[in-house]
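Start counting the sequence shown at 225; every next residue gets the next number (this note's numbering).
One structure is given here, and the rest of the page talks about it.
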Amino acid sequence: MAILTLIQKREYLANHGTKCPFCQSSEIEADQGEWGEGQASQPIRCLNPSCEETWNDVYTLTDVDTDDENDAAAKEPPCEVIDRRPRTK
């Protein structure tokens, strides 16, 4: 597995995870994810034969709502999410 640069990560997130962060191919496939308390991880692989890299998409719980349009919380702006992960330079 190759190492992702910060630029590759930013571009991948800007593309909403629709292209391989290594070769930019849109031919990617997701496996079943693992779910935990407020976080999930999903293995992804590139199907481009000249790349075939693998990585994990990481998801965090950012909001909650219901299907009820009268839900008071649905009329409020989403909660502020605070990223407490250490920043890298």
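All C-beta atoms in this analysis are idealised placements derived from N, C-alpha and C, irrespective of residue type, glycine included.
What you are looking at is a predicted structure, and each value in this text was computed from that prediction instead of being measured.
- Of all alpha-carbon atoms in 246, 273, 267 and 275, the one lying nearest the alpha-carbon of residue 235 is that of 246.
- Within 10 angstroms of the beta-carbon of residue 259 lie fewer than 16 other beta-carbons, which makes it exposed.
- For residue 256, the closest C-alpha among the options 262, 268, 248 and 276 is that of 268.
- Residue 238: member of the alpha helix (DSSP H) spanning 230-238, first to last residue.
- Residue 262 carries a coil assignment under DSSP once its states are collapsed to helix, strand and coil.
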